[in-house]
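Q: Sharing a structure below in structure tokens format, with a few things to ask.
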Amino acid sequence: MAIEFGKTWWGEHWLRSLENVDYNNRLPRGASYARRGNVVSVKIKENEMQARVKGSRATPYRVTIIVPPFFEEEVEQLIDQIATKPALISKLLNRELDPAILTIAEEVGLRVFPRQWTDFKMQCSCPDWAVPCKHLAAVIYMISREIDNNPFLVFEMHRVNLIGELKKRGIFVEEQK
Numbered sequence: 187m188a189i190e191f192g193k194t195w196w197g198e199h200w201l202r203s204l205e206n207v208d209y210n211n212r213l214p215r216g217a218s219y220a221r222r223g224n225v226v227s228v229k230i231k232e233n234e235m236q237a238r239v240k241g242s243r244a245t246p247y248r249v250t251i252i253v254p255p256f257f258e259e260e261v262e263q264l265i266d267q268i269a270t271k272p273a274l275i276s277k278l279l280n281r282e283l284d285p286a287i288l289t290i291a292e293e294v295g296l297r298v299f300p301r302q303w304t305d306f307k308m309q310c311s312c313p314d315w316a317v318p319c320k321h322l323a324a325v326i327y328m329i330s331r332e333i334d335n336n337p338f339l340v341f342e343m344h345r346v347n348l349i350g351e352l353k354k355r356g357i358f359v360e361e362q363k
């Protein structure tokens with residue numbers, strides 16, 4: 187069975203946003219690498235993703251992707267808006283991330299998804315000068331799978347814990363175990 191990417195609204199949106207800026211047709215090559223299992227590991231810690239990707243050399247290439255954090259003022263505005271919408275809070279209580287939250291984020295000036303490759307800091311130890319190279323693109327696909335499993339990751343990558351921010355305001359959303 188083939189590995190699928192972008193199965194959820196959020197995962198698909200992540201990939202679609204990057205496909206729109208794929209000038210060198212790197213993403214399809216990265217998808218092939220990801221499907222073949224060339225991504226050996228992916229570690230996500232806050233806004234930094236580190237991965238190892240098998241390539242033509244014996245040692246896997248080291249890939250790093252850093253997503254810029256959001257400014258606190260804009261995050262406050264986002265949480266202010268979410269806090270006034272009981273339907274969104276209800277969905278959050280069920281661990282659902284409603285796409286309406288993306289609209290609110292954009293209205294307060296937060297760019298959740300990239301519009302160009304330079305929105306991220308990306309680095310790969312391979313000799314290819316292009317950014318993204320196929321190794322970086324493979325990691326982008328693997329991150330879409332992580333987003334499929336946990337859509338809150340699209341905000342966590344920008345150092346925003348939506349649940350935690352709501353809790354600070356006395357709105358309690360049960361953490362998933």
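Read in order, the letters of the sequence shown are residues 187 to 363 in the working numbering. Backbone N, C-alpha and C define an ideal beta-carbon position, used for all residues, glycine too.
(1) Apply the 10 Å Cβ neighbour rule to Ser242 and answer buried if 16 or more other Cβ atoms are within range, or exposed otherwise.
(2) Taking the straight line between their C-alpha atoms, what separation do you get for Gly295 and Glu282?
(3) Quick one: what's got a C-beta closer than 7 Å to Gln263's C-beta in the same chain, skipping five residues either side?
(4) Kindly indicate which three-state DSSP category Ala220 falls into: helix, strand or coil?
(5) Put Thr181 into one of helix, strand or coil per three-state DSSP.
(6) Could you tell me if Glu190 is buried or exposed, where buried requires 16 or more neighbouring beta carbons within 10 angstroms of its beta carbon?
(7) Which residues in the same chain as Ile268 place their Cβ atom closer than 6 Å to its Cβ, once the five residues preceding and following it in sequence are excluded?
A: In brief:
(1) Flag for Ser242 reads exposed.
(2) Approximately 22 Å between the Cα atoms of the pair.
(3) The answer, listed in chain order, is Val294.
(4) Helix, per DSSP.
(5) Outside the displayed span of the chain (187 to 363) sits residue 181, for which this structure offers no information.
(6) Its Cβ having fewer than 16 others within 10 Å, Glu190 is exposed.
(7) Taken in chain order, the residues that qualify are Leu274.
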